[in-house]
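Engineer: After the structure tokens below, expect a handful of questions from me.
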């Protein structure tokens with residue numbers, strides 16, 4: 008039994024770590040490795056409680072798995088995994104519960120804590136100074152006490168190596184789960200199609216830069232995100248919601264519906280500036296060969312330098328006006344092979360017992 012700690016639960020209904028946990032379960036036979044996924048009880052209906060998922064077990068906890076409450080949700084999950092389940096190895100996604108790891112390492116030193124450290128969350132603009140200090144402390148606990156550190160991006164691994172003198176194992180995030188059976192890997196390019204962006208609406212994802220760049224270039228944009236989640240998103244929707252050529256949609260969790268928007272897009276625009284490998288960028292690789300990404304080390308590492316890059320409104324508009332060159336087929340195939348869930352799940356399993 009190998010616990011998975013640090014997600015809202017499976018099936019995925021929130022973000023990248025939840026999708027990672029789900030795909031690990033789907034691509035791992037319970038006869039080989041039995042996963043135990045800790046879930047937030049309120050995120051799932053009562054009918055789902057107690058049921059297995061893809062042959063793997065679930066435990067439902069009464070605490071929220073997001074925000075400040077995640078520190079206690081994940082700590083409770085770790086205590087249960089160590090003392091009630093008697094786990095020898097634990098996969099931990101993120102470092103919300105890392106504050107308890109130094110204690111557990113003393114009490115249960117033989118347990119292997121395998122931590123995916125996420126993307127240096129304290130660098131995000133949305134957090135206050137006290138919140139950033141807390142996140143730095145949690146990151147320090149994870150980096151110093153984890154038995155194995157996983158980074159999902161080579162650039163992120165470099166930062167951890169420099170900051171903590173730890174050698175992370177680099178295991179990417181997958182994207183092929185978004186491809187429906189029979190769907191073309193690269194859709195036919197529509198001469199008058201839209202560009203697509205998918206992101207949480209936050210300043211560090213350069214949301215307004217993308218909108219303005221498309222407006223200056225005169226190209227249509229469909230932007231899918233959580234516009235109602237904060238004042239920043241609400242303000243942007245009020246400002247640009249009725250702008251010509253700009254369509255701002257609420258989050259779409261249905262993969263088939265999302266695939267329709269992806270398949271009709273001329274290309275994908277990605278504005279994330281922090282966070283390691285961003286799931287939406289990896290997923291885009293399986294739907295288009297035309298990508299424009301904000302120029303930062305994380306995105307260049309994810310794409311191995313492929314695609315176009317921008318740093319501001321003017322450089323994005325110029326890319327769009329000039330027309331983005333498709334990623335060469337050989338390079339695209341190599342990138343996709345890196346981000347397939349069967350390979351990623353096998354690498355996670357390879358860490359067990361090592």
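In the working numbering, the protein residues as written are 8 to 361. We put the CB at the ideal spot given by N, CA and C, even for glycine. For clarity, every value in this text was computed on a predicted model and none was experimentally measured.
Of the choices 291, 225, 121 and 286, whose alpha-carbon is the least far from that of residue 339?
Structural biologist: In the chain shown, residue 339 corresponds to position 332, counting from 1. The candidate whose alpha carbon is nearest that of residue 339 is 291.
Engineer: So, are the CB atoms of residue 10 and residue 113 less than 8 angstroms apart?
Structural biologist: Position 3 of the chain shown, counted from the first residue, corresponds to residue 10. Position 106 of the chain shown, counted from the first residue, corresponds to residue 113. Result no, Cβ atoms of residue 10 and residue 113 do not sit closer than 8 angstroms.
Engineer: Is the segment 151 to 158 touching the segment 118 to 125, taking contact as three or more C-beta pairs under 8 angstroms?
Structural biologist: With the cut-off at 8 angstroms, the segment 151 to 158 and the segment 118 to 125 touch.
Engineer: Residue 273 by DSSP, collapsed to three states: which one?
Structural biologist: Here residue 273 is taken as the residue at index 266 of the chain shown, counted from 1. Strand, per DSSP.
Engineer: When DSSP labels each residue in this structure, what does residue 347 get in the three-state scheme?
Structural biologist: Translated into the one-based positions of the chain shown, residue 347 becomes position 340. Residue 347 falls in the coil class under three-state DSSP.
Engineer: Spatial neighbours of residue 69 within its chain, please: C-beta separation below 7 angstroms, excluding the five flanking residues on both sides.
Structural biologist: For the purposes of this step, residue 69 is taken as residue 62 along the chain shown, with counting starting at 1. Once the five neighbours on either side are set aside, the close Cβ partners of residue 69 are 48.
Engineer: Out of 143, 275 and 305, which one is the CA nearest neighbour of residue 227?
Structural biologist: Translated into positions along the chain shown, residue 227 becomes position 220. Checking every option, the nearest Cα to that of residue 227 belongs to 275.
Engineer: On the criterion of 16 or more Cβ atoms from any shown chain inside 10 Å, does residue 206 qualify as buried, or is it exposed?
Structural biologist: Here residue 206 is taken as the residue at index 199 of the chain shown, counted from 1. Buried is the call here.
Engineer: Just reading off the alpha helix (DSSP H) that residue 218 is part of, what are its end residues?
Structural biologist: Position 211 of the chain shown holds residue 218. Element bounds for residue 218: 214 to 224.
Engineer: Helix, strand or coil: which one does DSSP assign to residue 24?
Structural biologist: As a first step, residue 24 must be located in the chain shown, where it is residue number 17. Three-state DSSP puts residue 24 in a helix.
Engineer: Using DSSP with H/G/I as helix, E/B as strand and the rest coil, what is residue 156?
Structural biologist: Counting from one through the chain shown, the residue named residue 156 turns up at place 149. Looking at residue 156 - three-state DSSP - the assignment turns out to be strand.
Engineer: Measuring only the C-alpha atoms, how far is residue 46 from residue 254?
Structural biologist: Position 39 of the chain shown, counted from the start, is the residue given in the question as residue 46. Position 247 of the chain shown, counted from the start, is the residue given in the question as residue 254. Each residue's alpha carbon lies about 34 angstroms from the other.
Engineer: Can you give, in chain order, each stretch of the alpha helix (DSSP H) that sits fully within the segment 8 to 94 and has at least 4 residues?
Structural biologist: With a minimum length of 4 residues, the continuous alpha helix (DSSP H) runs that stay inside the segment 8 to 94 are 23 to 33 and 77 to 86.
Engineer: What residues match up with residue 311 in a beta bridge as DSSP calls it?
Structural biologist: Indexing the chain shown from 1 puts residue 311 at position 304. Paired residue(s): none; residue 311 is not in a bridge.
Engineer: Using the three-state DSSP reduction, which class does residue 287 fall into: helix, strand or coil?
Structural biologist: Counting from 1 along the chain shown, the entry for residue 287 is found at position 280. Residue state, collapsed to three classes: helix.
Engineer: Under the rule that 16 or more other beta-carbon atoms within 10 Å means buried, what is residue 286, buried or exposed?
Structural biologist: As a first step, residue 286 must be located in the chain shown, where it is residue number 279. Burial call: buried.
Engineer: Of all the options 24, 26 and 270, which has the alpha carbon lying nearest to the alpha carbon of residue 202?
Structural biologist: As a working note, residue 202 is residue 195 in the chain shown. Minimum Cα distance to residue 202 is reached at 270.
Engineer: Taking the C-alpha atoms as reference points, what is the distance between residue 162 and residue 54?
Structural biologist: Position 155 of the chain shown, counted from the start, is the residue given in the question as residue 162. Position 47 of the chain shown, counted from the start, is the residue given in the question as residue 54. Computed Cα separation, rounded: 42 angstroms.
Engineer: Please go through the same chain and pick out, in chain order, the residues whose beta-carbon is closer than 8 angstroms to the beta-carbon of residue 344, but skip the five residues on each side of it.
Structural biologist: Here residue 344 is taken as the residue at index 337 of the chain shown, counted from 1. The answer, listed in chain order, is 350.
Engineer: How long is the line joining the alpha carbons of residue 79 and residue 38, rounded to whole angstroms?
Structural biologist: Reading the chain shown from its first residue, position 72 is the one you call residue 79. Reading the chain shown from its first residue, position 31 is the one you call residue 38. Rounded to whole angstroms, residue 79 to residue 38 spans 31 angstroms at the Cα level.
Engineer: Could you say which of 359, 82, 305 and 41 lies nearest to residue 148 if we only look at CA atoms?
Structural biologist: The residue you call residue 148 lines up with position 141 of the chain shown. For residue 148, the nearest C-alpha among the options comes from 82.
Engineer: Which stretch, first to last residue, makes up the alpha helix (DSSP H) that contains residue 299?
Structural biologist: The residue labelled residue 299 in the question sits at position 292 within the chain shown. Element bounds for residue 299: not the alpha helix (DSSP H) but the beta strand (DSSP E), 298 to 301.
Engineer: Give me, in chain order, the residues of the same chain whose beta-carbon lies closer than 6 angstroms to that of residue 288; leave out the 5 immediate sequence neighbours on both sides.
Structural biologist: Taking the chain shown and counting its residues from 1, the one referred to as residue 288 is at position 281. Once the five neighbours on either side are set aside, the close Cβ partners of residue 288 are 277 and 309.
Engineer: Are residue 40 and residue 356 close, meaning C-beta to C-beta below 8 angstroms?
Structural biologist: Counting from 1 along the chain shown, the entry for residue 40 is found at position 33. Counting from 1 along the chain shown, the entry for residue 356 is found at position 349. Cβ distance < 8 angstroms, so residue 40 and residue 356 count as in contact.
Engineer: For my contact list, residue 44 and residue 17 are in at a C-beta cut-off of 8 angstroms; report their separation, rounded to the angstrom.
Structural biologist: As a position in the chain shown, residue 44 is number 37, starting the count at 1. As a position in the chain shown, residue 17 is number 10, starting the count at 1. Contact flag correct, Cβ pair sits at about 5 angstroms.
Engineer: In chain order, which continuous runs of the alpha helix (DSSP H) of length 4 or greater are located wholly inside the segment 234 to 271?
Structural biologist: 238 to 247 and 262 to 270, all fully within the segment 234 to 271.
Engineer: Looking at residue 229: is its Cβ nearer than 8 angstroms to the Cβ of residue 256?
Structural biologist: Counted from its first residue, the chain shown places residue 229 at position 222. Counted from its first residue, the chain shown places residue 256 at position 249. In this structure, residue 256 lies closer than 8 angstroms to residue 229 by Cβ.
Engineer: Just curious, the beta strand (DSSP E) that residue 122 is in, first and last residue?
Structural biologist: On the chain shown, position 115 is the one that residue 122 refers to. 119 to 123 is the span of the beta strand (DSSP E), which, as asked, contains residue 122.
Engineer: Measuring only the C-alpha atoms, how far is residue 84 from residue 174?
Structural biologist: Your numbering for residue 84 matches position 77 in the chain shown. Your numbering for residue 174 matches position 167 in the chain shown. In a straight line, the C-alpha of residue 84 is about 26 angstroms away from that of residue 174.
Engineer: May I ask you to report which of helix, strand or coil DSSP gives residue 363?
Structural biologist: No answer is possible for residue 363: it lies beyond the span of the chain, which begins at 8 and ends at 361.
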